[in-house]
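Okay, so the sequence shown: first residue is 12 according to this note's numbering, each after it adds one. Note that the Cβ used here is the ideal one computed from N, Cα and C, for glycine as well. Have a look at the structure below, then the notes.
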Amino acid sequence: MTENISKQPPQIDPEGPKRLFSTIQPATAAFIALIGIFIAYQIGGAILTLLIIGSDFKKADVNQMRLLTMGGQIMLMLLPTLLLAKYVYPFNITQILRANVPKSKEIGLFILGLVILTPLLQSFMILQNSFLETISNFSPVLEKVMGILDELNKMVEQTYGELLKANNVLEASFVIFVVAVVPSICEEVLFRGFVQKSFEQKFKPYFSIFITSLFFGLYHFNPYGLVALIVLGFYFGYAAHKSDSIVIPMILHFINNFLAVMAFFVLGSDELIETNVKPKGSLIPQIMVFIFSAFLFVVFILYLNKNFYKAKMQEGDNLL
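Structure follows, in structure tokens:
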């Protein structure tokens, strides 16, 4: 026994996490959180907005909208998640929420992955939209559907754009807090914390990550960006699973949203993550970016899968 331990590092079993005590079946708890918080956040938030602001959003004070957006995420998403975690896992709240502090090298490694993934998703959306636009020319039904989606997307972008407008540094800081800091905490505690970890008590890790990322994408009501959001959510979930820390997906989520806000400040539009992006000129550069980024990302994931746990244990929880 001693000889075996000395020859190989202690094993972390990524496919079989220890079952945590729960008052109800973990997968059931995950679905309760997804459905219940969705209803509370979307419908409850809409009712609250109508009561406070009214139906004429164009005349609404933008700071009221920002406060409602922030308050809705905290009160209708984060708080219910914490209460549910306390009820379902009374003895394992920190474990279910992955309340562990990662090493700085782990954070840096997963940020590198996000840097590779961002142009990959952007080029994918351009190619996706070009394909949809092409086939819609041969299908009147699809053309009408895309017309409806375009109008919906335009309405969402206009509302989002109003929230992002800032006239000074103080207002810009508040926008970053509302759009980047708060969602990165609230959404990650729900999705990569409670929901994904609950699914992991019942299913294999990668299936749990997929289910969670699917709901993460659907939560955002963004048809053109659905696939990209699912992939992004999957990467966040992968990072959470590998590191067993909610801090890393929070940081990744923050960086993603922060870059979008900065793109809006600099370019005047949310071009970094705009989902209804259309190709400008030839598609060949976008195809090349997609292939090259996909290759780099696959290599990165293969490297991570091969070396992460071994390096983590051999360095005494210091990565690489």
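Apart from sequence neighbours up to five positions away, the residues of its chain that approach Gly-248 with a beta-carbon distance below 6 angstroms are Arg-203, Gln-207, Ile-220, Thr-223, Ser-224, ordered along the chain. Approximately 5 angstroms separates the beta-carbon atoms of Met-157 and Ser-147; this is inside 8 angstroms, confirming the contact. Glu-173 and Leu-45 have their C-alpha atoms roughly 28 angstroms apart.
Glu-211 has its alpha-carbon roughly 18 angstroms from the corresponding atom of Leu-93.
Each of Ile-118, Gly-244, Val-200 was checked against the Cα of Ile-107, and the nearest Cα belongs to Val-200.
Within the same chain, and ignoring the five residues on either side of Gly-228 in sequence, the residues whose Cβ sits closer than 7 angstroms to its Cβ are Leu-237, Leu-240, Ile-241, Gly-244.
Rounded to the nearest angstrom, the gap between the Cα atoms of Lys-176 and Gln-133 is 23 angstroms.
Straight through space, the alpha carbons of Leu-59 and Ile-85 are spaced by roughly 14 angstroms.
Look at Ser-219 here: in three-state DSSP terms it is helix.
The Cβ atoms of Ser-33 and Val-126 lie no closer than 9 angstroms to each other. In the DSSP assignment, Arg-77 falls within the unbroken alpha helix (DSSP H) covering 73-84. Of the residues assessed, Gly-292 falls on the exposed side of the cut-off, its CB having fewer than 16 other CB atoms within 10 angstroms. Shown here, Ser-304 sits in a helix according to DSSP, grouped into three states. When DSSP states are grouped into helix, strand and coil, His-231 belongs to the coil group. Counting every other CB atom within 10 Å of its CB across the protein chains shown gives Lys-165 a total below 16, marking it as exposed.
Going by C-alpha positions, Ile-122 is about 6 angstroms away from Leu-263.
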